[in-house]
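*Asks:* Going by the numbering used here, the first residue of the sequence shown is number 2, and it counts up by one from there.
Shown below is the structure under consideration.
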Amino acid sequence: YTGGGADVTVVGANMQQIDFKVTQGAGETRLAAAGGLHPAVVPLSEGMEGSSLNTGNINAVRRLVGETTLRPLWRNAAGSWEVLAPAPSGSRLWYDARDVAFLREDAKDEAEITRIDAETIAKLVSSGFTQASSKAAVVGRNMDLLDEIPGWISVQMQPSQAALPAQVTNGAKAALPVGG
2 YTGGGADVTV
12 VGANMQQIDF
22 KVTQGAGETR
32 LAAAGGLHPA
42 VVPLSEGMEG
52 SSLNTGNINA
62 VRRLVGETTL
72 RPLWRNAAGS
82 WEVLAPAPSG
92 SRLWYDARDV
102 AFLREDAKDE
112 AEITRIDAET
122 IAKLVSSGFT
132 QASSKAAVVG
142 RNMDLLDEIP
152 GWISVQMQPS
162 QAALPAQVTN
172 GAKAALPVGG
């Protein structure tokens with residue numbers, strides 16, 4: 002049986018080969034993955050090692066668990082409880098995640114996105130688009146929804162005073178036609 006260059010070795014000859022921690026860590030990670038959680042969030046032995054606790058990684062893990070596991074579970078729970086405790090007509094049961102410390106960073110990100118959207122709407126309106134179409138375009142992320150206000154020209158489209166012809170009538174610059 003040992004001919005042809007085969008070596009005889011004893012299985013479990015050293016403690017590393019029978020290390021239960023490796024087997025346990027892999028099992029914990031699989032259970033966490035089945036539940037939609039990351040091992041660094043639970044915290045499990047494999048999640049507490051190495052680079053998974055670095056700031057950038059833990060923030061990404063927190064966001065992943067919040068968006069792919071927790072929020073869908075809360076939505077499902079609210080919809081399921083509505084069968085037992087019907088909401089008043091014209092409303093629905095919902096969850097309030099404002100006081101969930103785990104998701105506070107998401108609230109900060111949402112506030113930043115809202116600020117950027119508001120600035121975009123203001124710039125579109127000042128550029129000659131209707132308020133309603135500017136809002137619809139930003140909320141729907143579809144700039145094809147923009148409608149121009151008829152006869153309005155953006156201020157940036159007007160010539161500057163330096164570019165005006167040197168026409169002077171009674172000591173004042175000649176009036177420019179508006180609306181082109």
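A virtual CB, placed ideally from N, CA and C, is assigned to each residue, including glycine.
By the 10 Å Cβ neighbour count, where 16 or more other Cβ atoms means buried, how is Leu104 classified, buried or exposed?
*Replies:* By the neighbour-count rule (16 or more Cβ atoms within 10 Å), Leu104 is buried.
*Asks:* Do Trp82 and Leu94 count as a contact pair if the criterion is CB distance below 8 angstroms?
*Replies:* In contact: Leu94 and Trp82 (Cβ atoms closer than 8 angstroms).
*Asks:* Between Val139 and Ile150, is the Cβ-Cβ spacing less than 8 angstroms?
*Replies:* Against a cut-off of 8 angstroms, the Cβ pair of Ile150 and Val139 comes out as no contact.
*Asks:* Short of 7 angstroms in beta carbon distance, which residues of its chain neighbour Thr69, apart from the five on each side in sequence? Order them along the chain.
*Replies:* Closer than 7 angstroms at Cβ, skipping near neighbours: Gly37.
*Asks:* Using a threshold of 8 angstroms, state whether the C-beta atoms of Val9 and Ala41 are closer than that.
*Replies:* The answer is no: Cβ separation not under 8 angstroms.
*Asks:* Could you pull the start and end residues of the alpha helix (DSSP H) that Asn77 belongs to?
*Replies:* Start and end: 72-85.
*Asks:* Could you check how far apart the C-beta atoms of His249 and Leu74 are, in whole angstroms? I think they sit under 8 angstroms.
*Replies:* Any question about residue 249 goes unanswered here, given that the chain covers just 2 to 181.
*Asks:* In angstroms with no decimal places, state the Cα-to-Cα distance between Arg99 and Val11.
*Replies:* Those two C-alpha atoms are separated by around 59 angstroms.
*Asks:* Report the three-state DSSP secondary structure of Asp8 (helix, strand or coil).
*Replies:* Note: Asp8 maps to coil in three-state DSSP.
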